[in-house]
Amino acid sequence: MTTTSGQLAGATALITGAGSGIGLACARALTRGGAKVHLVDRDEQACRDAAENVGGVPHAVDLAEPRATETLPHEVDVLVNNAGFQHLAPIHEFPADRFRAMHEVMVTAPFLLIRRCLPHMRDRGWGRIVNVSSVHGHRASPDKSAYVAAKHALEGLNKVAALEGAEYGVTSNCVAPGYVRTALVEGQVQAQADSRGIASDKVLDEVFLKRTAIKRLIEPDEIAAVVTWLCGPGSDYVTGTSIPVDGAWTAQ
Ligand code: NAD
Numbered sequence: 359m360t361t362t363s364g365q366l367a368g369a370t371a372l373i374t375g376a377g378s379g380i381g382l383a384c385a386r387a388l389t390r391g392g393a394k395v396h397l398v399d400r401d402e403q404a405c406r407d408a409a410e411n412v413g414g415v416p417h418a419v420d421l422a423e424p425r426a427t428e429t430l431p432h433e434v435d436v437l438v439n440n441a442g443f444q445h446l447a448p449i450h451e452f453p454a455d456r457f458r459a460m461h462e463v464m465v466t467a468p469f470l471l472i473r474r475c476l477p478h479m480r481d482r483g484w485g486r487i488v489n490v491s492s493v494h495g496h497r498a499s500p501d502k503s504a505y506v507a508a509k510h511a512l513e514g515l516n517k518v519a520a521l522e523g524a525e526y527g528v529t530s531n532c533v534a535p536g537y538v539r540t541a542l543v544e545g546q547v548q549a550q551a552d553s554r555g556i557a558s559d560k561v562l563d564e565v566f567l568k569r570t571a572i573k574r575l576i577e578p579d580e581i582a583a584v585v586t587w588l589c590g591p592g593s594d595y596v597t598g599t600s601i602p603v604d605g606a607w608t609a610q
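What the sequence shown shows, in the numbering used here, is residues 359 to 610, in sequence order.
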């Protein structure tokens, strides 16, 4: 799947967490497809650099702030809810404010952005909502209570958006990656090494790739390619679903 140049000409896209990793790869791919791209990230410098890199519009916004989404554009044809972060701790030690913040960013902000952008998509008779979920939207792992709960909630929100958008030409889908080569995974390697008492160089083989049939990390561009396909011609009938990009992690 590659971006057909110009397939999104005239479309406006908004991507959260676009300052790095999967979000930045999506910003590049959708720009290549011809979309005007708004990049949202809490990291002001990363957001500015990424926007300059792709020729998009930066919005340095912290989506954990309750009214943050109100400052963002709403005349948006393609919405990619991607911002997220991880925190590892067993439930009995998990900081409650961290749990709440993860839900603000990974569930409430996607809801508020869909709510904000849907009227324009409905008026136009076309829209694409892509929610970057995870294998953890389908399966659980220890120490990831907030992340697993938030991604399962995002999967539910996605289904409702698909049902409500269908008659207006609006699709909503999740993309559910396994382990992608980004800062989010790099940050987990040391945390997993510490909690499991193994060397960090063993974490990749023994933890991250243990359940994966394809023994390598996914590249951010591979996720962006699926997001782009969901936004292009030929995927009109694909909605309310979640596409695993996980090297068969969830197959077993
Ligand atoms: P990343 O850390 O490279 O990028 C995430 C971006 O989101 C960062 O630029 C960060 O600044 C931004 N962000 C975080 N909190 C924010 C907030 N409160 N407001 C605005 N921006 C915020 O990570 P990534 O791997 O590219 O993750 C992107 C998405 O992909 C996340 O939702 C993550 O859960 C999901 N995902 C990642 C993996 C993986 O292995 N990397 C696997 C499955 C799902």
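Glycine is no exception: its CB is placed at the ideal position from the N, C-alpha and C atoms.
Keep in mind the model is a prediction, meaning the values are calculated, not measured.
In chain order, what residues of the same chain have a beta carbon less than 6 Å from the beta carbon of residue i, not counting five sequence neighbours either side?
i: Thr-360; result: With a pLDDT of only 38 at Thr-360, under the threshold of 50, the placement of this residue in the model should not be trusted; the figure read from the coordinates follows. Correct list: empty, nothing qualifies.
i: Tyr-505; result: Gln-444, His-494
i: Leu-567; result: Lys-573
By DSSP, does residue i sit in helix, in strand, or in coil?
i: Arg-486; result: strand
i: Lys-573; result: coil
i: Asn-516; result: helix
i: Pro-477; result: helix
i: Ser-593; result: coil
i: Pro-468; result: helix
i: Asp-399; result: strand
i: Pro-578; result: helix
i: Leu-388; result: helix
i: Thr-360; result: Unreliable placement is indicated for Thr-360, whose pLDDT of 38 sits below 50; the coordinate value is still reported in the next sentence. Here Thr-360 sits in coil by DSSP.
i: His-494; result: helix
i: Val-419; result: coil
i: Ile-601; result: strand
Just how far apart, CA to CA, sit residue i and residue j?
i: Ile-601; j: His-461; result: 22 Å
i: Ala-426; j: Val-543; result: 26 Å
i: Ser-503; j: Gln-548; result: 19 Å
i: Ile-472; j: Arg-554; result: 39 Å
i: Ile-373; j: Leu-382; result: 8 Å
i: Pro-453; j: Thr-529; result: 35 Å
i: Gly-485; j: Gln-550; result: 39 Å
i: Glu-428; j: Asn-439; result: 15 Å
i: Asn-369; j: Gly-527; result: Per the sequence shown, the amino acid found at residue 369 is Ala instead of Asn. Taking the straight line joining both Cα atoms gives about 14 Å.
i: Ala-520; j: Pro-468; result: 14 Å
i: Pro-448; j: Gln-546; result: 15 Å
i: Ala-609; j: Ser-492; result: 14 Å
i: Val-518; j: Leu-512; result: 10 Å
i: Asn-411; j: His-450; result: 43 Å
i: Ala-606; j: Pro-424; result: 37 Å
i: Asp-481; j: Ala-404; result: 33 Å
i: Gly-442; j: Gly-375; result: 7 Å
i: Val-603; j: Asp-455; result: 31 Å
i: Leu-430; j: Leu-446; result: 30 Å
i: Ala-408; j: Arg-390; result: 14 Å
i: Val-395; j: Ala-508; result: 26 Å
Compare the C-alpha of residue i against each of the options and name the closest.
i: Gly-414; options: Ser-593, Gly-392, Tyr-526; result: Gly-392
i: His-478; options: Tyr-595, Ser-503, Leu-437; result: Leu-437
i: Gln-365; options: Pro-591, Tyr-595, Leu-430; result: Pro-591
i: Leu-588; options: Val-488, Leu-470, Asp-455; result: Val-488
Quick one: residues in its chain with C-beta nearer than 7 Å to the C-beta of residue i, no 5 flanking neighbours on either side, listed in chain order?
i: His-432; result: Arg-474, Cys-475, His-478
i: Ser-558; result: Val-547, Gln-548, Ala-551
i: Arg-302; result: Any answer about residue 302 is impossible in this case: the structure gives the chain only from 359 up to 610.
Is residue i close to chain D, meaning its C-beta is less than 9 Å from at least one C-beta of that chain?
i: Glu-525; result: The chain inventory of the structure shown lacks chain D, comprising one protein chain alone.
State the CB to CB distance for the pair residue i and residue j, rounded to an integer number of angstroms; the pair is presumed to be in contact (CB under 8 Å).
i: Val-465; j: Leu-515; result: 7 Å
i: Asp-399; j: Ala-418; result: 7 Å
i: Ala-459; j: Ala-422; result: 5 Å
i: Gly-536; j: Ile-576; result: 6 Å
i: Ala-534; j: Thr-597; result: Incorrect: roughly 15 Å between the Cβ atoms, too far for contact.
i: Ala-541; j: Ser-378; result: 6 Å
i: Pro-578; j: Val-538; result: 6 Å
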